[in-house]
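**Q**
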Amino acid sequence: MSASIKPTTDKAYDILQIERINPLDAIFAPKTVAVIGASEKPGSVGRTLLWNLITNPFNGTVFPINPKRNSVLGIKAYSTIFDVPEKIDLAVIATPAPTVPQIITDCVKAGIKGAIIISAGFKEAGEKGIALEKEILEIAHRGKIRIIGPNCLGVMSPISGLNATFASKMAQPGNVGFLSQSGALCTSILDWSLQENVGFSAFVSIGSMLDIGWGDLIYYLGDDPNTKSIVIYMESIGDARSFLSAAREVALTKPIIVIKAGRTAAAAKAAASHTGSLAGSDAVLDAAFRRCGVLRVNSISDLFDMSEVLAKQPRPKGPRLTILTNAGGPGVLATDTLIESKGELAPISEEVINSLNEILPPQWSHNNPIDILGDADPQRYTKALEIAAKDPKSDGLLVILTPQAMTDPTKIAEGLEPYSQMPNKPILASWMGGEDVAQGQQILNRQGIPTYAYPDTAARIFSYMWRYSYNLRGIYETPVLPALECDSNSRDCALVETIINDARKAGRTILTEFESKEILAAYGIPVVAGSIAKSAEEAVECAEKLGYPVVLKLYSQTITHKTDVGGVQLNLRNAEAVKKAYHLIETSVLEKAKPEDFLGVTVQQMVKTSGYELIIGSSLDPQFGPVLLFGAGGQLVEVFQDSSIALPPLNTTLARRMMEQTKIYKALKGVRGRESINMEALEELLVVFSHLVVEQPLIKEIDINPLLAIPPSPDHPGGLIALDGRIVLHSADVEEQQLPKLAIRPYPHQYVSNWNLKNNTPITIRPIRPEDEPLIVKFHKTLSEESVYLRYFHLVKLSQRIAHERLTRICFIDYDREMALVAEHENPETKETEILAVGRLSKLHGNNAAEFAMLVSDHFQCQGLGTELLKRLIEVGKNEKICCISADILADNLGMQRVCEKLGFKILRTNDATVLKAEIDL
């Protein structure tokens, strides 16, 4: 049994046509445009807007709206939008801010679907402006009109000729989609692009992002065939979840490159948490970009250089660059920049050195950079490049040329042509000089080899390419350990909720170390057990039970950083030392704090084994909600600042990549004779910790510092243990709807449940996970050609269906954009888990509809499974507030048609007699 999501180009009937139209088409491809506030006043925004629209033909009609004039710039004007004789697609508004709410109301009544508010005077002007924006947004949502702005330059679609801006010039057509929050920067970029001959598929100033944000525009440009890459100037992220969802989906097919203003803004402060002081907003943004495959650059030139190079050259598989040069100095400069930007020089093997020895003079560098000397002719360049290009240890090539007496820049450029498109290995060039190398530069550019005036620029661009490739691979790399999302039986959530609720009822936001460790232990995170002692005698009694040596730590409901008040005493070996330590802690705390801050001590065993002190934590970011931190821990954690940030939830792959961002990662893998710690156990602990953060939203901040990572040794098996824990809660006056939302939607446990087939075989129906890729491979091997044909509308080879690049996208989904349910059971003979069916619900871009697709293994058809899966997808659609669900079904797929009709779908004909449309309104 199969149903398919089938791309449809032949819009055969009205329902289907309405479904396929993106609301943003009214803005980017209008047939009729009204300029509200059109004027003849020289230098006015209203005049410039109208002039730009009528002097750049876009195959549409322009209607000036001005109640005081009969015509504007020789074109008949209308008093109101209702007087225009045609239906308007787009309204461009350039009137004072207080008039805009009524204008938007009129636009809604007139059935206009798109508006660009050029006017300023909104939230940037204070409280009155904020109130105006709120009023406009309420009207827009009710009337289903989409808005760009306010306070923006406007929108250009250079390919169609639309210029709905007040810029002085029109952008050239091209394949770069440019989005900017700054109108002033737009005009600067526009001037630069005309000088550099850079063209655009879209040129958008989005202003305050009252309605349309980054996510809407990224989806739209992602679907636009004329857009090959998206470049963004960003000042604020806006709707973080929408941005991350859209960027993650589009980045795999089109590069998204961002320059973000405000890198040096002061990090957010957090009084109680180490994590809060380390997780600055810019570091969080970097982590968010890594998570969704976006490349961040630091200069405007890099923004467009990367757009060009990613369009011309393949992404490198690794960070290792081979540099080929005819001058030592430029090679050294390129090397410095490469290393500083976290790239690497490719090591040269003995085999490659021997091959180069045969063709190069004895004085060549015998290393990377490969200096082939200043008298290198075209033949020497070509032969050396041929050898270097075949080196499997190299991930990319940079060819540097300086004009010297024996150099022929033009012929050498021609010799590079055979290497202009190597698989998985980019080639860049730096032809240094002026007129002497200009012709060679032109030849290289025609061959698709990006060329830079300076070699350090080329090296930096390569590092950016590798970083981009690394980010993309991280999104869809299949986790190596089994999924932990559904393994909730191993954690005591009831105990956690009791501890948290009791503290909040008591008016406390800071948990004691003892309570914090109880919560960690409830999630299976190993902790050093301890006992509470409220007197010196009790402390001795606890120590006797645990066995010496022990540690005493301050027990307090108000103080979190115990070492700051002398609240920790280590390595206590007898009763006398314990009593003395108790009194020392009490005296020290009472000198620096209040009597109620001292409630006794906790007594713990002294951990004797040496290891690495780590920190794992979580704090709140104002834009992205809860964020995770990992790094080197201990008392000097803020001093060393060796840490990395990630967004929850994690899987084992994402956990490992988070660890890889730190310097201590190399040490954990074993240095100076030490064994590696159990890296898989650490990955799993990070995943579990991320689940704790996701599942306990009342926790505001949490640190494990230090987490001791012990490598195995002859006298110790090694392991991980939390020596200290600190948790801060949201105050009791914070209600559930006010709690910060996760930027990335976690695994939807609510859609996991058990069910029985007609033959009483028990199965589990649950959302798909990234770790399911191997199971999906096995599932596809159970499908007949008929099932494949009915699902995909043509036969698709097994090798294509189970390709890693395809399956990772199918398994590693964004639960905010789509929901895939799998039916699984345990094979009674092999005891292995098998997937029996997959049902998928995918939201359409730009509207609130979705399409479903379904595939059931041949061995388990006619068991009610298809009906049950579709029934659950309908429930998912209702829960996610989808307005309607549809699917294309082959006319001879009678089984799927019956299932759809049974569940209330209408079956509609299309112009294609072989395809029917199933549709249901929710």
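Residue numbers (UniProt numbering): 1 to 922.
Note that beta-carbon positions come from the ideal geometry of N, C-alpha and C, so glycine has one too.
1) With DSSP collapsed to three states, give me the class of residue 648.
2) Rounded to whole angstroms, what is the Cα-Cα separation between residue 439 and residue 412?
3) Mind checking residue 640: buried by the 16 CB within 10 Å criterion, or exposed?
4) Could you tell me the boundaries of the beta strand (DSSP E) in which residue 705 lies?
5) Taking residue 294 as the reference, which of 317, 556, 248, 461 has the closest Cα?
6) What did DSSP end up calling residue 606 once you bin it into helix, strand or coil?
7) Please tell me whether residue 723 and residue 706 are closer than 7 Å, where the distance is taken between their beta carbons.
8) Excluding the five sequence neighbours on either side, which residues of its own chain have a C-beta within less than 8 Å of the C-beta of residue 798, listed in chain order?
9) For residue 284 versus residue 585, is the C-beta spacing smaller than 7 Å?
10) Quick check: what's the CA-CA separation for residue 298 versus residue 259?
11) Taking only runs of the alpha helix (DSSP H) that begin and end inside the stretch 549-627, which ones reach a length of at least 4 residues, in chain order?
12) Tell me the DSSP secondary structure of residue 826 in three-state form.
13) Applying the 10 Å Cβ sphere with the 16-neighbour rule, what's the burial state of residue 590?
14) Judging by CA-CA distance, which residue of 378, 666, 766 is the nearest neighbour of residue 409?
15) According to the neighbour-count rule (16 or more other Cβ atoms, all chains shown, within 10 Å of its Cβ), is residue 456 buried or exposed?
16) Taking residue 772 and residue 822 to be in contact with their CB atoms under 8 Å, please state how far apart those CB atoms are, rounded to whole angstroms.
17) If you drop the 5 nearest sequence neighbours on each side, which residues of the same chain put their C-beta closer than 6 Å to that of residue 777?
18) Output yes or no for whether 7 Å exceeds the beta carbon distance between residue 728 and residue 509.
19) Could you pull out every unbroken beta strand (DSSP E) segment of at least 3 residues lying fully inside the stretch 728-816, listed in chain order?
20) Which same chain residues end up closer than 7 Å to residue 254 when comparing Cβ atoms and leaving out the 5 residues on each side of it in sequence?
21) Given a cut-off of 7 Å, decide if residue 553 and residue 600 are closer than it, judged by their beta-carbon atoms.
22) Could you say which of 200, 674, 569 lies nearest to residue 717 if we only look at CA atoms?
23) Could you spell out the range, first to last residue, of the beta strand (DSSP E) harbouring residue 91?
24) Going by DSSP, name the residue or residues bridged to residue 917.
25) What first and last residue would you give for the beta strand (DSSP E) that runs through residue 258?
26) Looking at C-alpha atoms only, which residue of 632, 810, 863, 858 is the closest neighbour of residue 842?
27) Can you name, in chain order, every residue of its own chain whose Cβ lies under 7 Å from the Cβ of residue 107, other than the five neighbours on each side?
28) Going by alpha carbons, who is nearest to residue 561 out of 415, 524, 513?
29) My output table needs one value for residue 377: the three-state DSSP class, helix, strand or coil.
30) Given residue 75, which residues of its chain have a CB within under 6 Å of its CB, disregarding the five upstream and five downstream residues?
31) Go ahead and label residue 192 buried or exposed: buried means 16 or more other beta carbons lie within 10 angstroms of its beta carbon, across all protein chains shown.
32) Suppose you measure from the CA of residue 788 to the CA of residue 371; what does that come to, to the nearest Å?
33) When the Cα atoms are used, what is the spatial distance from residue 610 to residue 241?
34) Under 8 Å: do the stretch 395-402 and the stretch 357-366 share three or more Cβ pairs, one atom per stretch?
35) Tell me whether the stretch 754-768 and the stretch 728-745 touch, counting them as touching only if at least three CB pairs, one residue from each stretch, are closer than 8 Å.
36) Please list, in chain order, all residues of the same chain as residue 927 whose beta carbon is under 7 Å from its beta carbon, the five residues on each side excluded.
**A** In short, the structure shows the following:
1) Within the sequence shown, residue 648 is the residue found at index 648, counting from 1. DSSP places residue 648 in the coil class of the three-state scheme, outside both helix and strand.
2) Walking along the sequence shown from the start, residue 439 turns up at place 439. Walking along the sequence shown from the start, residue 412 turns up at place 412. Linking residue 439 to residue 412 through their CA atoms gives a straight-line distance of about 11 Å.
3) By one-based count along the sequence shown, residue 640 stands at place 640. Residue 640 comes out exposed.
4) As a working note, residue 705 is residue 705 in the sequence shown. Start and end: 699-710.
5) As a working note, residue 294 is residue 294 in the sequence shown. Shortest Cα-Cα distance from residue 294 to any of 317, 556, 248, 461 involves 248.
6) Position 606 of the sequence shown, counted from the first residue, corresponds to residue 606. Assignment of residue 606 by DSSP, reduced to helix, strand and coil, places it in the coil class.
7) Here residue 723 corresponds to residue number 723 of the sequence shown, with the count starting at 1. Here residue 706 corresponds to residue number 706 of the sequence shown, with the count starting at 1. Going by C-beta atoms, residue 723 is nearer than 7 Å to residue 706.
8) Locating residue 798 in the sequence shown gives position 798, counting from the first residue. Non-local C-beta neighbours of residue 798 in its own chain, meaning closer than 8 Å and more than five positions away in sequence, comprise 780, 781, ordered along the chain.
9) Locating residue 284 in the sequence shown gives position 284, where the first residue counts as 1. Locating residue 585 in the sequence shown gives position 585, where the first residue counts as 1. Judged by beta-carbon spacing, residue 585 lies beyond the 7 Å limit of residue 284, meaning their Cβ atoms are not closer than that value.
10) Position 298 of the sequence shown, counting from 1, holds the residue named residue 298. Position 259 of the sequence shown, counting from 1, holds the residue named residue 259. About 6 Å.
11) Qualifying alpha helix (DSSP H) stretches, in chain order: 575-592.
12) Mapped onto the sequence shown, residue 826 falls at position 826. Assignment of residue 826 by DSSP, reduced to helix, strand and coil, places it in the strand class.
13) Here residue 590 is taken as the residue at index 590 of the sequence shown, counted from 1. Its Cβ having fewer than 16 others within 10 Å, residue 590 is exposed.
14) Position 409 of the sequence shown, counted from the start, is the residue given in the question as residue 409. Among 378, 666, 766, the Cα nearest to that of residue 409 belongs to 378.
15) Your numbering for residue 456 matches position 456 in the sequence shown. Flag for residue 456 reads buried.
16) For the purposes of this step, residue 772 is taken as the residue at position 772 of the sequence shown. For the purposes of this step, residue 822 is taken as the residue at position 822 of the sequence shown. Taking a contact as a CB-CB distance under 8 Å, the pair residue 772 and residue 822 counts as one, their CB atoms being some 7 Å apart.
17) In the sequence shown, the residue the question calls residue 777 occupies position 777. Correct list, in chain order: 802.
18) Walking along the sequence shown from the start, residue 728 turns up at place 728. Walking along the sequence shown from the start, residue 509 turns up at place 509. In this structure, residue 728 sits near residue 509, with a CB-CB distance shorter than 7 Å.
19) Counting whole runs of 3 or more residues, the stretch 728-816 contains the beta strand (DSSP E) stretches 753-756, 762-767.
20) Residue mapping note: residue 254 aligns to position 254 of the sequence shown, counting from 1. Within the same chain, residue 254 has close Cβ partners 222, 227, 228, 229, 230.
21) Numbered from its first residue, the sequence shown carries residue 600 at position 600. Numbered from its first residue, the sequence shown carries residue 553 at position 553. Cβ distance not < 7 Å, so residue 600 and residue 553 don't count as in contact.
22) Against the sequence shown, residue 717 aligns to sequence position 717. For residue 717, the closest C-alpha among the options 200, 674, 569 is that of 674.
23) Residue 91 sits at position 91 when you count from the first residue of the sequence shown. 90-93 is the extent of the beta strand (DSSP E) around residue 91.
24) Working through the sequence shown from its first residue, we reach residue 917 at position 917. According to DSSP, which records beta bridges pairwise, residue 917 is partnered with 888, 908.
25) Translated into the one-based positions of the sequence shown, residue 258 becomes position 258. Bounds of the beta strand (DSSP E) holding residue 258 are 256-260.
26) As a first step, residue 842 must be located in the sequence shown, where it is residue number 842. If we check each option's Cα against that of residue 842, 810 comes out closest.
27) The residue labelled residue 107 in the question sits at position 107 within the sequence shown. Answer for residue 107: 81, 91, 115, 145, listed in chain order.
28) Counting from 1 along the sequence shown, the entry for residue 561 is found at position 561. Residue 513 is the option with its Cα nearest to residue 561.
29) Here residue 377 refers to the residue found at position 377 when the sequence shown is read from its first residue. Coil.
30) Along the sequence shown, one-based indexing puts residue 75 at 75. If we look at residue 75 and ignore the five residues flanking it on each side, its Cβ neighbours are 64.
31) Here the question's residue 192 lines up with position 192 in the sequence shown. Residue environment analysis places residue 192 among the exposed positions, since fewer than 16 neighbouring C-beta atoms fall within 10 angstroms of its C-beta.
32) Here the question's residue 788 lines up with position 788 in the sequence shown. Here the question's residue 371 lines up with position 371 in the sequence shown. Looking at the two C-alpha atoms, the distance is approximately 56 Å.
33) Translated into positions along the sequence shown, residue 610 becomes position 610. Translated into positions along the sequence shown, residue 241 becomes position 241. Those two C-alpha atoms are separated by around 42 Å.
34) By the Cβ rule, the stretch 395-402 does not count as touching the stretch 357-366, because fewer than three pairs are nearer than 8 Å.
35) Two segments are said to touch when three or more pairs of C-beta atoms, one from each, lie closer than 8 Å; by this definition the stretch 754-768 does not touch the stretch 728-745.
36) With the chain represented from 1 up to 922, any question about residue 927 goes unanswered, as that position is not in the structure.
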